[in-house]
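Asks:
Residue numbers (this note's numbering): 975 to 1369.
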């Protein structure tokens, strides 16, 4: 059944008072999405040179932008391929995934920033989950050791970027996403110190990164000598005090992951608070795909960020595993709305278009004039992850 017909079916069900958690229709929708993804990523494969990774596609310029393997997004393409392969068993995609891991593996010793989790766990972590190959596990272990070198004891945090004219010791909310690498390695036979680092970083983030309304700043700049926060800014959002949409999603996902590993109720409470901020925000549209910043001044004419929606959907599907009652129902039903929205023609590309990417209408760095209303690799990654999680846990 095509996406338009499924969307119409959902609309009629809602009008008739049926729950949006209709499992039969969700299964049809997800199966259609995964089948489409397998076909669409073969389009992307053919456009992509062998020694680089896809970064984005700008429809206005009809331009595929690629990156080297040190770019923070380099792990998302192979990771997405592994997830689609896991769902479809399409060996063409498996071969492409293996080829991309081969050019990425050298980054396991990279220590230039905090993004080893994105780069190596989203890629080799998914590969190991599917294949159980010990060589993939070895890469993950090495990457965790590399990431741990960026831990700064005086601030009890992992430094995100190196010092520059703009920042002394920056720590960004995105960094919560890289802690899964450290925790996984510690729980699977690696150094217990990695889990301690992850917990310390999480505690520092909880203490320093959030406002009273449970929204988060993007960047904290620390003074390494005193261990205190020198300033709080929102580098990729509208203003220092605004709620950059993808940043809120990173925090939600990260605290959910940390609860998974530690069972520390403080982290579960924080994840629920962040979810409440996002899901109950008056500027969240009915289709649950947020504007790039919840406080952007031009709403409703501001660009959307489908990537933030995809990350949120994946996060709340996991978070729903840890709560009960009305809250659990809200998380699952909201994730269903997001999946339905992203699967519609409003956000999901037609086969052969969009440079081979799945989702349209993502926003990377609007204040920097970069990646506005484009396709992005991490949007596709978390969209597929959300589909796979729903299929595993709720069908």
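Idealized CB from N, CA, C, for every residue including glycine.
Looking at the structure shown, is residue 1218 part of a helix, part of a strand, or coil, going by DSSP?
Replies: It is a strand residue.
Asks: Indicate the three-state DSSP secondary structure (helix, strand or coil) for residue 1146 in the structure shown.
Replies: Three-state result, residue 1146: strand.
Asks: What's the gap between the Cα of residue 1349 and the Cα of residue 1272?
Replies: Their backbone Cα atoms lie some 22 angstroms apart in a straight line.
Asks: How many Å lie between residue 1189 and residue 1088 at the Cα?
Replies: Their backbone Cα atoms lie some 22 angstroms apart in a straight line.
Asks: Could you check what DSSP says for residue 990 in three-state terms: helix, strand or coil?
Replies: For residue 990, the predicted model reports a pLDDT of 38, less than 50, meaning its position is unreliable; a value from the coordinates is still stated below. Residue state, collapsed to three classes: coil.
Asks: Return the first residue and the last residue of the alpha helix (DSSP H) that residue 1359 is part of.
Replies: It spans 1351-1368 - the alpha helix (DSSP H) in which residue 1359 sits, taken as one unbroken run.
Asks: So if DSSP puts residue 1346 in a beta bridge, which residue, or which two residues, is it bridged to?
Replies: Residue 1346 pairs with 1337.
Asks: What is the C-beta distance between residue 1278 and residue 1264, in whole angstroms, given that I count them as a contact (C-beta under 8 angstroms)?
Replies: At roughly 7 angstroms, the Cβ-Cβ gap stays under 8 angstroms, so residue 1278 and residue 1264 are in contact.
Asks: Mark residue 1183 as exposed unless 16 or more other C-beta atoms lie within 10 angstroms of its C-beta, in which case mark it buried.
Replies: By the 10 Å Cβ count, residue 1183 comes out buried.
Asks: Report the option in 1303, 1322, 1106 whose CA atom is closest to the CA atom of residue 1368.
Replies: For residue 1368, the nearest C-alpha among the options comes from 1303.
Asks: Rounded to whole angstroms, what is the Cα-Cα separation between residue 1001 and residue 1196?
Replies: Taking the straight line joining both Cα atoms gives about 47 angstroms.
Asks: Given 8 angstroms as the limit, is there contact between the segment 1143-1154 and the segment 1220-1239, that is, 3 or more CB pairs closer than that?
Replies: In short, these stretches touch, since the Cβ pair count reaches three.
Asks: Using the three-state DSSP reduction, which class does residue 963 fall into: helix, strand or coil?
Replies: There is no way to answer for residue 963, as the model of the chain reaches only from 975 to 1369.
Asks: Once the 5 residues before and after residue 943 are set aside, which same chain residues still bring their CB inside 6 angstroms of it?
Replies: The chain is shown from 975 up to 1369; residue 943 falls before or after that span and cannot be answered.
Asks: When we look at the beta-carbon of residue 1338 and count the other beta-carbons within 10 Å, is it buried (16 or more) or exposed?
Replies: With 16 or more Cβ atoms within 10 Å of its Cβ, residue 1338 is classed as buried.
Asks: Is residue 1048 closer than 8 angstroms to residue 1019 when the C-beta atoms are compared?
Replies: Contact: no.
Asks: Which of helix, strand or coil does DSSP assign to residue 1098?
Replies: It is helical.
Asks: Please classify residue 1040: does DSSP put it in a helix, a strand, or coil?
Replies: The answer is strand: DSSP assigns residue 1040 an E or B state.
Asks: Less than 6 angstroms between C-beta atoms, sequence neighbours within five positions excluded: which residues of the same chain meet that for residue 1241?
Replies: The answer, listed in chain order, is 1229, 1232, 1233.
Asks: Check residue 1124 in the structure and name its three-state DSSP category.
Replies: Of the three classes helix, strand and coil, the one that applies to residue 1124 here is coil, per DSSP.
Asks: Only counting runs of 3 or more residues, tell me where the beta strand (DSSP E) segments fall wholly within the segment 1269-1339, in order along the chain.
Replies: Segments of the beta strand (DSSP E) lying fully in the segment 1269-1339: 1336-1339.
Asks: Based on the DSSP output, what are the partners of residue 1252 in its beta bridges?
Replies: Its beta-bridge partners do not exist; DSSP assigns none.
Asks: Please classify residue 1267 as buried or exposed, where buried requires at least 16 other C-beta atoms within 10 Å of its C-beta.
Replies: So residue 1267 ends up on the buried side.
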